[in-house]
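First to last, the sequence lines map onto chains A and B.
In case it helps, our numbering puts the first sequence at residues 1 to 264.
In case it helps, our numbering puts the second sequence at residues 265 to 454.
Virtual Cβ for every residue (Gly too), placed ideally from N, Cα, C.
In what follows, a single structure is set out as structure tokens and then discussed.
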Amino acid sequence: MKCHEAKRHLDLFMDGELSVPENLKVLEHLNLCRPCSGVYEGEKSLRGVLRSTAGSDRAPAGLADRLATSLPKAEIPFAPPVSSRRRLISAAAAAVFTLATGTFFLSTPAEKPQAIAAVVAKMHEKTRAGFCGEKRDDSLCLCNGCCSDTNSSHAVGNFFKSHGARQNCAHNLQDLGYKPIGASVWQRRGQPVCWTVWRDDQGHTITHGLVTTKIAMEPGPLLVCDGKERPVEMIPVAGTDKTCVFVFDEKADWARFRDGREAK
Amino acid sequence: MLQSLTVETQSEFSDRVKPHLDALYRTALRMTGEGASAEDLVQETFLKAYRAYGQFEPGSNFKAWLFTILTNTYINDYRRRSRAPVVTDFAEVEPEGDTESPHFSAEDVEKLADRLGDAAKRALDRLPPEHRLVFLLSTFEDLSYKEISAALAVPIGTVMSRLFRARAVLRRDLADFARQEGFFQEKSES
């Protein structure tokens with residue numbers, strides 16, 4: 001390599017943009033040629049000086065905190081708590097409770113876990129039946145491209161927002177072999193609540209949503225609704241009064257979910 | 265598909281951005297020309313990144329992704345109302361012909377460093393914004409040509425020509441400064 005070539009390649013060399021053989025050639029030349037290595041050293045220190053004089057401003061103190069608090073509270077996407085105790089309940093009791101109380105729990109401020117589980121399970125029955133190919137105002141179909149707006153990852157967020165609901169759970173069930181098939185907004189105690197529905201190849205469904213009540217539940221399998229056994233998992237969202245709720249078709253699905261989460 | 269639902273918590277997002285905050289801010293500062301606008305630009309970038317976090321591809325360069333959002337925000341929203349110094353006409357800064365821009369020796373640079381003060385910032389501010397941006401992203405923030413090309417949605421060749429022009433103009437500017445300060449001896453090009 002000649003001097004003029006080495007100089008021509010110098011910027012690319014210093015930017016780390018040369019191919020390996022070209023890089024070697026420049027290196028070799030710089031090792032052998034004093035004037036060129038002088039140019040290189042000068043250029044290197046010039047970059048250093050420019051960096052320290054014009055490229056070393058720091059963000060003002062407190063900017064990080066200001067940014068963190070500027071995030072819209074209403075749009076908090078909830079992530080799973082790192083380690084959560086499984087909180088499953090037996091809802092043989094729930095069914096009884098539901099019968100006894102009717103819709104009482106929908107209007108009472110202090111919700112019992114069992115009551116929520118029962119409501120959730122009912123929603124599950126409703127949602128697992130629906131979506132594919134079905135256009136409803138309160139739901140967004142995501143499967144088989146049967147809705148035109150499903151290609152955008154914003155579709156779900158926009159859908160929730162358009163129904164006045166801004167909070168949703170952030171659990172991704174794709175790792176467990178489920179695909180999102182739909183989203184739905186339910187009115188609950190006058191408040192819109194977001195739910196998403198996921199399904200695997202065998203048609204097993206998980207209904208997944210967020211409940212605004214801190215629920216303490218006993219661990220254990222859950223049996224609910226319409227004479228079918230539906231395990232429910234409730235994961236409190238750390239530091240909030242929210243709880244993520246999952247309803248599964250079968251115990252095996254719940255076990256798969258639990259194992260998948262533990263593997264993480 | 266449900267990526268918008270699967271973003272991590274706010275605090276996780278904030279923690280991830282935090283190490284890049286100085287870089288975002290100083291780039292915003294050099295592009296907008298003053299602190300308050302720079303802060304606004306960073307904040308807007310931060311919020312946009314948060315909303316789009318679900319679309320960030322894991323495994324790709326998070327810093328480059330943030331800068332893509334910053335540069336787009338800057339170009340769309342700030343470029344026109346920027347209070348930065350008036351843009352130098354492009355023809356004015358174009359290096360004539362194939363004349364090589366002067367190179368400094370390491371000793372020259374050492375002397376330069378002592379007296380430079382704000383002259384480097386002023387030299388940068390005189391570059392056309394498109395050139396300045398590429399220079400900042402490459403030389404200060406270590407983004408690759410490819411990443412810059414993606415961030416600005418221009419071909420790599422354009423990135424390179426802007427970058428080399430920016431550097432040539434800066435070298436000449438600084439050489440002028442050094443000459444005025446009376447210590448830079450122009451070498452006869454070999």
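Under 8 Å between C-beta atoms of residue i and residue j
i, j, result
"A:P180", "A:L210", "no"
"B:A313", "B:I333", "yes"
"B:A292", "B:L407", "no"
"B:N325", "B:E411", "yes"
"A:D249", "A:R261", "no"
"A:L67", "B:S278", "yes"
"A:D11", "B:F428", "yes"
"A:L46", "B:F447", "no"
"B:R396", "B:R294", "yes"
"B:R290", "A:G55", "yes"
Supposed close pair residue i, residue j - CB separation, criterion 8 Å
i, j, result
"B:T337", "B:L305", "6 Å"
"A:S139", "A:G203", "In fact, because the Cβ distance is near 18 Å, the residues do not count as touching under 8 Å."
"B:A430", "B:F399", "4 Å"
"A:V39", "A:K7", "6 Å"
"B:A384", "A:G42", "At roughly 15 Å, the Cβ-Cβ gap does not stay under 8 Å, so B:A384 and A:G42 are not in contact."
"A:D15", "B:S425", "The pair is not a contact, with the Cβ atoms about 14 Å apart (cut-off 8 Å)."
"A:H171", "A:P192", "That belief does not hold up - the Cβ atoms of A:H171 and A:P192 are roughly 19 Å apart, past 8 Å."
"A:V119", "A:V232", "With 8 Å as the limit, A:V119 and A:V232 do not qualify as a contact, their Cβ atoms being about 10 Å apart."
Nearest residue (CA-CA) to residue i, options the options
i, options, result
"A:V185", "A:H208, A:K25, A:D175 and A:L30", "A:H208"
"B:D389", "B:A287, B:T296 and B:Q274", "B:T296"
"A:V245", "A:D259, A:T196 and A:K251", "A:T196"
"A:T69", "B:Q274, B:L401 and B:A432", "B:Q274"
"A:F198", "A:Q187, A:Y178 and A:V119", "Correcting the residue type first, residue 198 of chain A is Trp in the shown sequence and not Phe. Of A:Q187, A:Y178 and A:V119, the residue nearest in Cα terms is A:Y178."
"A:L18", "B:V433, B:L438, B:Y409 and B:A316", "B:Y409"
"B:E298", "B:K375, B:V423, B:R315 and B:R386", "B:R386"
"B:L416", "B:P393, B:L434, B:A432 and B:G323", "B:P393"
Minimum Cβ-Cβ distance from residue i to chain A less than 8 Å
i, result
"B:V373", "yes"
"B:V306", "yes"
"B:D440", "no"
"B:T403", "yes"
"B:F368", "yes"
"B:Q274", "yes"
"B:S324", "no"
"B:S413", "no"
"B:F428", "yes"
"B:L330", "no"
"B:Y338", "no"
CB contact below 8 Å: residue i versus chain B
i, result
"A:R128", "no"
"A:G260", "no"
"A:S83", "In this prediction, A:S83 scores a pLDDT of 31, lower than 50, which makes its location untrustworthy; the coordinate-derived value is nonetheless stated afterwards. False, the Cβ-Cβ gap to chain B never drops below 8 Å."
"A:L140", "no"
"A:D201", "no"
"A:V49", "yes"
"A:G38", "yes"
Proximity test, Cβ basis, 8 Å: residue i and chain E
i, result
"A:A6", "Here the protein chains are A and B, and chain E is not one of them."
Report the start-end ranges of each beta strand (DSSP E) in the region 8-75 of chain A that is 3 residues or longer and not cut off at the edges. none
Alpha helix (DSSP H) runs wholly inside the region 363-439 of chain B, at least 4 long, in chain order: 370-379, 383-390, 393-399 and 409-416
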